[in-house]
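Residues in the first sequence are numbered from 38 upward in steps of one, following this note's numbering.
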Amino acid sequence: MAAIVSEQLLDWYDAHARDLPWRARPGDPAPDPYRVWLSEVMLQQTTVAAVKPYFEAFTSRWPTVEDLAASPEEDVMAAWAGLGYYSRARNLVKAARAVAERGGFPETEKALRELPGLGAYTAAAVAAIAFDRRAVVVDANVERVVSRLFAIREPLPGSRKAIRTCAEEITPDSRAGDFAQAMMDLGATICTSRDPKCLLCPLQTACRGRAEGDPALLPVKAPKKAKPVRQGKAWWIERDSAVWLIRREGKGMLGGMRALPDDGWSAGGDGSGAPPLDGEWQGAGVVRHTFTHFALELSVERQSTREEPPGHGEWWPVDQLEEAGLPTLFAKAARLVLA
DNA sequence: GACCCGTGGAC
DNA sequence: TGTCCAAGGGT
Numbered sequence: 038m039a040a041i042v043s044e045q046l047l048d049w050y051d052a053h054a055r056d057l058p059w060r061a062r063p064g065d066p067a068p069d070p071y072r073v074w075l076s077e078v079m080l081q082q083t084t085v086a087a088v089k090p091y092f093e094a095f096t097s098r099w100p101t102v103e104d105l106a107a108s109p110e111e112d113v114m115a116a117w118a119g120l121g122y123y124s125r126a127r128n129l130v131k132a133a134r135a136v137a138e139r140g141g142f143p144e145t146e147k148a149l150r151e152l153p154g155l156g157a158y159t160a161a162a163v164a165a166i167a168f169d170r171r172a173v174v175v176d177a178n179v180e181r182v183v184s185r186l187f188a189i190r191e192p193l194p195g196s197r198k199a200i201r202t203c204a205e206e207i208t209p210d211s212r213a214g215d216f217a218q219a220m221m222d223l224g225a226t227i228c229t230s231r232d233p234k235c236l237l238c239p240l241q242t243a244c245r246g247r248a249e250g251d252p253a254l255l256p257v258k259a260p261k262k263a264k265p266v267r268q269g270k271a272w273w274i275e276r277d278s279a280v281w282l283i284r285r286e287g288k289g290m291l292g293g294m295r296a297l298p299d300d301g302w303s304a305g306g307d308g309s310g311a312p313p314l315d316g317e318w319q320g321a322g323v324v325r326h327t328f329t330h331f332a333l334e335l336s337v338e339r340q341s342t343r344e345e346p347p348g349h350g351e352w353w354p355v356d357q358l359e360e361a362g363l364p365t366l367f368a369k370a371a372r373l374v375l376a
């Protein structure tokens, strides 16, 4: 059964592979590990459509991992703005510098796993796709496809071990990279979360979930928790057509990103923090923004001044705010003020 | 294992 | 409109 599955899937992939910017075309030399790695990191929890323009921008600006390694971190952070999960950008720079230092990407799953930002999935994916190593690549697509193919009814995340065992079983010894990408293409276009296209599926005759009648109900997932709503304040301080931006510290929420000064809402603040300047503040409105595990109502207040706010920051020309690389929350706040 | 960490699109 | 979700990793 395992050999049949991988064979049918690879045949399907040869005919129906998606044409994606980070994939080698037929006739291309071996895939570029830099582009494979960069795309895999960008694609973590992020849709193909969202990644495409960022991938083009990054590879144009930094064509090699050495170029990226030589770039100031804040430039990379600004280029990542809007893509989310900013620890990826922080780790991207660290990993690029480690790779440049050692003279190239490691080629084994185990060694790749040592690089910051490469977990079990990404290390396996890069090993398989860039270096043609046999590796068991398990992402959300594979979890869905395998759950249905083997009719695994135990809910996630408890079923992960069983899923991995089954994925291991059907991973071929050769073309592991194509197999991994085939599983992802199948999951993205045929074995979709909602309304799977079973009639078009190359694995329909092997699929136990389909045989048992309810593939769309798999995988079963644990119920989600409700998101609390937090309140916060942010301050727009303007002087000579420039706005005061700070850079958020550490590894926490939006860490490393440029931002408006705020009252500490991300640390659990309740919106009662003191403003960074005295004087008359003018309400500019409220931004609503939903993060992974809470929603935020951010009140934006503005003031024009001739003073210098305390602490570290920079005056950023308002007509060049696009280049500051504000994360979406603060880009929304800026839009509100400038509307 | 649980929780933290963004965002925009589909329905 | 709210909900779900997408090529996860770090702690």
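Cβ atoms here follow ideal geometry from the backbone N, Cα and C, with glycine treated the same way. This structure is a prediction, so every number in the text was calculated from the model and none was measured.
Have a look at the DSSP bridge pairing and note the partners of residue i.
i: W49; result: W49 is not bridged to any residue.
i: V280; result: E275, W353
i: D299; result: A271
i: V266; result: A332
If you drop the 5 nearest sequence neighbours on each side, which residues of the same chain put their C-beta closer than 6 Å to that of residue i?
i: E205; result: V173
i: R276; result: T342
i: V266; result: A332
Run the CB neighbour count on residue i, radius 10 Å, all protein chains shown included, and call it buried at 16 or more, exposed below.
i: V183; result: buried
i: T226; result: exposed
i: I166; result: buried
i: Q340; result: buried
i: M114; result: buried
i: T96; result: buried
i: L375; result: exposed
i: Q218; result: buried
i: M38; result: exposed
i: P55; result: It should be pointed out that residue 55 corresponds to Arg in this sequence rather than to Pro. Exposed, because fewer than 16 other Cβ atoms sit within 10 Å of the Cβ of R55.
i: A86; result: exposed
i: L363; result: buried
i: T208; result: buried
i: L237; result: exposed
Can you tell me whether DSSP reads residue i as helix, strand or coil?
i: S211; result: coil
i: E323; result: The question names Glu, yet the displayed sequence has Val at residue 323. Note: V323 maps to strand in three-state DSSP.
i: Q340; result: strand
i: V175; result: coil
i: L358; result: helix
i: K258; result: strand
i: L193; result: strand
i: D251; result: coil
i: I227; result: coil
i: Y123; result: coil
i: Q218; result: helix
i: M294; result: coil
i: L375; result: helix
i: E144; result: coil
i: P90; result: helix
i: E151; result: coil
i: L314; result: coil
i: L105; result: helix
i: E44; result: helix
i: W74; result: helix
i: F187; result: coil
i: E111; result: helix
i: E205; result: helix
i: K198; result: helix
i: T96; result: helix
i: W59; result: coil
i: G246; result: helix
i: M79; result: helix
i: L363; result: coil
i: E286; result: coil
Please go through the same chain and pick out, in chain order, the residues whose beta-carbon is closer than 7 Å to the beta-carbon of residue i, but skip the five residues on each side of it.
i: E77; result: T159, A162, V163
i: A279; result: W352, W353, P354, V355
i: K234; result: I227
i: A133; result: V102, L105, A106
i: G322; result: V337, L373
i: P68; result: A61, I166, A167
i: D215; result: L47, Y50
i: G377; result: Past the edges of the chain, shown from 38 to 376, lies residue 377, and the structure says nothing about it.
i: K89; result: P58
i: M290; result: S303
i: P66; result: none
i: R181; result: G224, C228, S230, P256
Which residues in the same chain have their Cβ closer than 8 Å to the Cβ of residue i, if we skip the five residues on either side of it in sequence?
i: Q45; result: P239, L240, A243
i: R201; result: V173, V175
i: D210; result: R171
i: D232; result: A253
Nearer than 8 Å: is that true of the beta carbon of residue i relative to any heavy atom of the ligand ZN?
i: L193; result: Absence of the ligand ZN is noted for the structure shown, with no ligands found whatsoever.
For the structure I just gave you, are there three or more beta carbon pairs, one from the region 139-148 and one from the region 177-195, closer than 8 Å? Contact annotation: the region 139-148 does not touch the region 177-195, with fewer than three C-beta pairs closer than 8 Å.
Decide yes or no for the touch test of the region 77-86 against the region 246-264: beta carbon pairs closer than 8 Å, at least 3 of them. The region 77-86, when compared against the region 246-264, does not touch it at the 8 Å Cβ threshold.
Contact between the region 252-272 and the region 286-305 is defined here as three or more beta-carbon pairs at a separation below 8 Å; is this criterion met? Output reads yes: the region 286-305 touches the region 252-272.
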